[in-house]
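Trainee: Every position in the sequence shown, counted from 1, becomes a number in the working numbering once 44 is added.
We put the CB at the ideal spot given by N, CA and C, even for glycine.
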Amino acid sequence: MQWKTITSNFENKAIGFWNNGQKVFTLAFKTKTGTIYLVSEKGEKRFFYYRKRGLFKNKIVLENEYGANIGSLKKEGGCEYFELDKIRYFLRFKKENEVEVLDEKSNESLAVFSLDYDNSDPSINNSLLMVSCLYILRKDSGFQNTPSFT
45 MQWKTITSNF
55 ENKAIGFWNN
65 GQKVFTLAFK
75 TKTGTIYLVS
85 EKGEKRFFYY
95 RKRGLFKNKI
105 VLENEYGANI
115 GSLKKEGGCE
125 YFELDKIRYF
135 LRFKKENEVE
145 VLDEKSNESL
155 AVFSLDYDNS
165 DPSINNSLLM
175 VSCLYILRKD
185 SGFQNTPSFT
């Protein structure tokens, strides 16, 4: 699975998500508003909000169209993880541009993502990680409350 830059300008970036050589969806990120737009290759459209929450703004939250919290990206004790339904999915950075997602319970690898895009904006990096986690959780684990992308 791989993220590739499609277009990039001053305020907006569009990045494609590819799996086995086929484009699954396109993510457009508006840095000014913290809005993430997703369009699947089947025509489904969703959007999310990327927010920093908490007393020291140390928790990054992904919210759906209605403002409901879907999941959060947190750093704790040198580990970075995505939390969904009180279950943690740890992120292991294998190389400079590869991220492995591990299940907290089994410590088993769920997926490895290649991040082949202009990654100068940390908010885009974090939103890509969260959307990647949602995609594999919806696809592989059958969560009912995760968004449908395909």
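Would you check if the distance between the CB atom of E144 and the CB atom of S150 is smaller than 7 Å?
Mentor: No, the pair does not count as a contact, with Cβ atoms beyond the cut-off.
Trainee: How should F137 be labelled, buried or exposed, when 16 other C-beta atoms within 10 angstroms of its C-beta is the threshold for buried?
Mentor: Its Cβ having fewer than 16 others within 10 Å, F137 is exposed.
Trainee: Check this for me: beta carbons of F73 and K57, under 7 Å apart or not?
Mentor: Going by C-beta atoms, F73 is nearer than 7 Å to K57.
Trainee: Between the alpha carbons of T86 and Y133, how many angstroms are there, rounded?
Mentor: As written in the sequence, residue 86 is Lys, which differs from the Thr given in the question. Cα to Cα, the separation comes out at about 28 Å.
Trainee: Who pairs with F73 in a beta bridge, going by DSSP?
Mentor: BP columns for F73 point to K57, I80.
Trainee: What residues are listed by DSSP as bridge partners for S158?
Mentor: Q46, E142, per the DSSP bridge assignment.
Trainee: Taking the alpha-carbon positions, what's the V105 to A155 distance?
Mentor: About 21 Å.
Trainee: Taking K101 as the reference, give the member of A112, L159, K119 with the closest Cα.
Mentor: When each option's Cα is compared against that of K101, the closest is K119.
Trainee: When the Cα of Y81 is compared with those of E88, T75, F92, which residue comes out closest?
Mentor: Y81 has its Cα closest to that of F92, out of E88, T75, F92.
Trainee: Could you tell me the boundaries of the beta strand (DSSP E) in which K113 lies?
Mentor: Here the sequence assigns Asn to residue 113, which means Lys is not the residue at that position. Counting along the chain, the beta strand (DSSP E) containing N113 begins and ends at 113–120.
Trainee: Per DSSP, which residues does L128 bridge with? Please list them.
Mentor: L128 is bridged to I131.
Trainee: Measure the C-alpha to C-alpha separation of E140 and G122 and round it to an integer number of angstroms.
Mentor: Approximately 17 Å, taken between the alpha carbons.
Trainee: I need the boundaries of the beta strand (DSSP E) containing F92, first residue and last residue.
Mentor: Its beta strand (DSSP E) spans residues 89–97.
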